[in-house]
Amino acid sequence: MRFALTEEQRGFAEVLDDLLAASNTPQVVRSWAHGDHDAGLKLWQRLTELGVSGLLAPEEQGGLDADAVDLTVAFEALGRHAVPGPWVESAALLPALLRGTDQDEFLAGIASGGNLATALVTDMGSHALDADVATHRFVLHGTTLYGGVAGAVHRSVDPARRLCPVEAGAEVVDLAEATTVRAVDTAVLACSAQLLGAGEHLLRAAVDHARSRKQFGRAIGEYQALKHALADIRVALDFARPLVHVAALALREGSSDARRDVSAAKVAAGDAAYTAARTALQVHGAIGYTEEYDLGLWITKVRALVTAWGTPALHRARVHEAITRRPVEV
Numbered sequence: 002m003r004f005a006l007t008e009e010q011r012g013f014a015e016v017l018d019d020l021l022a023a024s025n026t027p028q029v030v031r032s033w034a035h036g037d038h039d040a041g042l043k044l045w046q047r048l049t050e051l052g053v054s055g056l057l058a059p060e061e062q063g064g065l066d067a068d069a070v071d072l073t074v075a076f077e078a079l080g081r082h083a084v085p086g087p088w089v090e091s092a093a094l095l096p097a098l099l100r101g102t103d104q105d106e107f108l109a110g111i112a113s114g115g116n117l118a119t120a121l122v123t124d125m126g127s128h129a130l131d132a133d134v135a136t137h138r139f140v141l142h143g144t145t146l147y148g149g150v151a152g153a154v155h156r157s158v159d160p161a162r163r164l165c166p167v168e169a170g171a172e173v174v175d176l177a178e179a180t181t182v183r184a185v186d187t188a189v190l191a192c193s194a195q196l197l198g199a200g201e202h203l204l205r206a207a208v209d210h211a212r213s214r215k216q217f218g219r220a221i222g223e224y225q226a227l228k229h230a231l232a233d234i235r236v237a238l239d240f241a242r243p244l245v246h247v248a249a250l251a252l253r254e255g256s257s258d259a260r261r262d263v264s265a266a267k268v269a270a271g272d273a274a275y276t277a278a279r280t281a282l283q284v285h286g287a288i289g290y291t292e293e294y295d296l297g298l299w300i301t302k303v304r305a306l307v308t309a310w311g312t313p314a315l316h317r318a319r320v321h322e323a324i325t326r327r328p329v330e331v
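Going by this note's numbering, the sequence shown opens with residue 2, and the numbers climb by one from there.
Shown next, in the form of structure tokens:
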């Protein structure tokens, strides 16, 4: 297996980073959390123009027909900049579910940015993300995809992740089990890449603060205890990254071990990002707790994503079962 990104993929990541760095995403996140979606929808359209929403959509419907590795590149950038919105559902889950069905018009809308969709996957939770702003809402129950009717908005630990209960409506399509498994694994992979990106941002923020903040006449980053804590984050992220890439390759190649690899990636990326969030908060001290300081936007996102698309216990159980062939109750 080749783990290195291609020159084209690295260039794609740089273009996304440049766009998002110039988009004042912290303000976009704060507005989204308060129900003002205008800036977020404009950013959605700009990212659509770069092909993010249509990565997995077929070329015939205006998509890029890309693979899971390309998806991780994009979603790591989204996590690095804390971009709000149901990106996993719109750009990962639903295109993977609906390829090869009679939903060509819907997929064309996803690729063009005209359709902004969300979904409740009953095996993964009880709420759908941002159903209040989505143009299309779905419920995936087993192997059947239904249209959905959204209920009232509930706040999550991350205010920018607005959750809604969704009731199943008319049946849209009945799918093969292999298709639903692959699609949900694709969504879990995208979430893992977001966690990886968010963890990288938190490490960079912690290092920058440790270099600039002084106590007793010295930068706090000169103290050995902080150096070790920051190094632990670097090690955790560097351990998680190849697992995310292996999972992407497994999905791309249709490996029978794809579910195991995706779950391992989710656990590793979640643990690394959570460690980064805790340490970044400790390094920043009291200012890290304030709502006005941007650090909290990434901390709350990580806290929400760690349990999104399957809890750590669920994914650890899947890895254990795949290795030992013994089922584990969660």
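Each residue gets a CB set at the ideal place from its N, CA and C atoms; glycine is no exception.
Worksheet entry | Close Cβ partners of leucine 244 (< 6 Å) along its chain, the five nearest in sequence each way excluded | Once the five neighbours on either side are set aside, the close Cβ partners of leucine 244 are Ala265, Ala266 and Ala269.
Worksheet item: Just how far apart, CA to CA, sit threonine 123 and valine 150?
Response: Each residue's Cα considered, the two are about 14 Å apart.
Item to complete: Report all residues from its chain with a CB closer than 8 Å to the CB of isoleucine 300; omit the five preceding and five following residues, and keep chain order.
Response: Leu203, Ala278, Ala281, Leu282 and Gly289.
Worksheet entry | Chain-order list of residues whose beta-carbon lies under 8 Å from that of leucine 72 (same chain, five-residue window excluded) | Once the five neighbours on either side are set aside, the close Cβ partners of leucine 72 are Leu56, Leu57, Ala92, Ala93, Thr187, Leu190, Ala191, Ala194 and Ala249.
Fill in: Beta-carbon proximity of glutamine 10 to valine 53, cut-off 8 Å
Result no, Cβ atoms of glutamine 10 and valine 53 do not sit closer than 8 Å.
Worksheet item: Which same chain residues, not among the five before or five after alanine 337, have their C-beta less than 6 Å away from its C-beta?
Response: Residue 337 is absent from the structure shown; the chain starts at 2 and stops at 331.
Discussion item. Could you pull the DSSP bridge partners for threonine 181 from this structure?
Written reply: In the DSSP output, where bridge partners are listed per residue, threonine 181 has none listed.
Worksheet item: Any chance the segment 150 to 168 sits against the segment 18 to 28, with 3 or more Cβ pairs inside 8 Å?
Response: No contact exists between the segment 150 to 168 and the segment 18 to 28.
Discussion item. Given a cut-off of 8 Å on the beta-carbon distance, is the pair leucine 146 and valine 174 in contact?
Written reply: Less than 8 Å separates the beta-carbon of leucine 146 from that of valine 174.
Worksheet item: What's the gap between the Cα of histidine 155 and the Cα of histidine 137?
Response: Near 18 Å, if we compare the C-alpha coordinates of histidine 137 and histidine 155.
Worksheet item: Which whole-angstrom value is the C-beta distance of leucine 196 and alanine 274, which I expect to be below 8 Å?
Response: About 4 Å separates the beta carbon of leucine 196 from that of alanine 274, a gap short enough to meet the 8 Å contact definition.
Item to complete: Flag this pair as yes or no: are the beta carbons of aspartate 295 and proline 27 separated by less than 8 Å?
Response: The criterion of a C-beta distance shorter than 8 Å is satisfied by aspartate 295 and proline 27.
Practice prompt. Any chance you could list the beta strand (DSSP E) runs of at least 3 consecutive residues sitting entirely within the segment 131 to 155, in chain order?
Written response: Runs found: 137 to 142 and 145 to 151.
Discussion item. Quick check on the DSSP output: the alpha helix (DSSP H) that includes alanine 241 runs from which residue to which?
Written reply: Element bounds for alanine 241: 225 to 254.
Worksheet item: With C-beta atoms as the reference, is alanine 309 less than 8 Å away from alanine 184?
Response: Contact flag unset, no.
Discussion item. Per the DSSP calculation, glutamine 216 is bridged to which residue(s)?
Written reply: Per DSSP, Arg219.
Discussion item. Beta-carbon within less than 8 Å of valine 29's beta-carbon, same chain only, minus the 5 sequence neighbours each way: which residues are those?
Written reply: Excluding five sequence positions before and after valine 29, the CB atoms of its chain that fall closer than 8 Å to its own CB belong to Ala40, Gly41, Leu44, Val84 and Pro85, given in chain order.
Fill in: Proximity to serine 127 [Cα-Cα], best of Pro160, Val167, Phe107 and Thr119
Comparing Cα positions, the closest option is Val167.
Worksheet item: Which of the three DSSP states, helix, strand or coil, is assigned to alanine 14?
Response: Helix at alanine 14.
Item to complete: Output the distance between the C-alpha atoms of leucine 306 and valine 263, rounded to the nearest integer angstrom.
Response: Between leucine 306 and valine 263, the alpha-carbon positions lie close to 15 Å from each other.
Item to complete: Return the first residue and the last residue of the alpha helix (DSSP H) that aspartate 105 is part of.
Response: Start and end: 105 to 113.
Item to complete: Using a threshold of 8 Å, state whether the C-beta atoms of proline 342 and leucine 48 are closer than that.
Response: This structure does not reach residue 342, given that the chain is present from 2 up to 331, and the question cannot be answered.
Item to complete: Using alpha carbons as the reference points, say which of Ala323, Ser113 and Leu231 lies closest to aspartate 209.
Response: The shortest C-alpha separation from aspartate 209 is found at Leu231.
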